[in-house]
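Visitor: Numbered per numbering that gives the first Met the number 0, the sequence shown spans residues 0 to 194. Beta carbons are placed, not taken as given, at the ideal position from N, Cα and C, and that holds for glycine. Shown below is the structure under consideration.
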Amino acid sequence: MGYDKVSLDPKSRSVTIPPGCSIDLGGIAKGYIVDQAVGVLRGYVSSALVNAGGDLYALGSKPGGMPWVIGVQDPRRPDDPSAFIETLYVKDLAVATSGNYIRFVEIGGKRYSHIIDPRTGWPVDTIPSATVVARDTTTADALATAVSVLPPEESVKLPASLPGVEVLLFVRSGEGWFRYRSGGIAALVQPPVER
0 MGYDKVSLDP KSRSVTIPPG CSIDLGGIAK GYIVDQAVGV LRGYVSSALV
50 NAGGDLYALG SKPGGMPWVI GVQDPRRPDD PSAFIETLYV KDLAVATSGN
100 YIRFVEIGGK RYSHIIDPRT GWPVDTIPSA TVVARDTTTA DALATAVSVL
150 PPEESVKLPA SLPGVEVLLF VRSGEGWFRY RSGGIAALVQ PPVER
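Below, the structure written as structure tokens:
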């Protein structure tokens, strides 16, 4: 594992990796596809919601001018798609959520996430739900995976170094659940006043 095993040659526009290695773009692929779709749509419409299973972009606002309403699924109730633990109000922003409540494997009664910590090679399990809001879906998708691996206190500090990025986490510790928010999330969870 590791980006250091990938060699890029700009002149030949080629990528080289050692034998036995492979590149998995699962951490950004859906976000990139959403951004490409939004790029095409911008030439034809001013309002659209493009969703690729947890990675989405809210183009413009809903008809009537109100922000798009995005529910963040409650990871404690994965079988209930109407159970939301937070609601975001966004326009011209991307939202991506990563977690272990939809994509996982269960072995011996224990749930293992599809997100692997590259430092240990083991699935992450402390952050069952990591949501990132960003200016584009590729960034939101990549960071939602990345913050799943970081300690929650570091994840919510990330927006200070990345303009336009906000983080919302639901963390399990023992039997308890805790919510972590970066500073700008507060503005996105406030229902807008209808005119």
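1. What are the boundary residues of the beta strand (DSSP E) that A129 is part of?
2. Quick one: grab the DSSP three-state call for G98.
3. For D3, tell me which candidate among S21, E85, S11, R12 has the shortest Cα-Cα distance.
4. Going by beta-carbon coordinates alone, are S112 and F169 separated by less than 8 Å?
5. Kindly indicate which three-state DSSP category A47 falls into: helix, strand or coil?
6. Of the choices V155, P74, S11, R110, whose alpha-carbon is the least far from that of Y179?
7. Straight-line CA distance for L149 to S60?
8. Leaving out five residues before and five after W176 in sequence, what residues of the same chain have Cβ atoms less than 8 Å from its Cβ?
9. Taking 8 Å as the limit between beta carbons, can you name the residues of its chain near I69, skipping five residues before and five after?
10. Can you pull the DSSP bridge partners for V68?
11. Within its chain, find whatever has a CB closer than 8 Å to the CB of R118; leave out the 5 residues flanking it on each side and keep chain order.
12. Tell me the rounded alpha-carbon separation between A82 and L7.
13. Just to confirm, is the Cβ distance from A139 to A133 under 8 Å?
Guide: Here's the rundown:
1. 128–133 is the extent of the beta strand (DSSP E) around A129.
2. If DSSP states are grouped into helix, strand and coil, G98 belongs with the strands.
3. Minimum Cα distance to D3 is reached at S21.
4. For S112 and F169, no; Cβs fall outside 8 Å.
5. A47: strand per DSSP, three-state reduction.
6. Measuring from the Cα of Y179, the nearest candidate turns out to be V155.
7. Spanning the two alpha carbons is a distance of roughly 32 Å.
8. The beta carbon of W176 sits closer than 8 Å to the beta carbons of R75, F169, V170 from its chain, once the five residues preceding and following it are set aside; these are given in chain order.
9. Apart from sequence neighbours up to five positions away, the residues of its chain that approach I69 with a beta-carbon distance below 8 Å are L55, A57, T86, L87, Y88, V89, V94, ordered along the chain.
10. DSSP lists Y88 as the beta-bridge partner residues of V68.
11. Here the set comprises V148.
12. So the alpha carbons of these two residues sit roughly 44 Å apart.
13. Yes, these two residues count as a Cβ contact at 8 Å.
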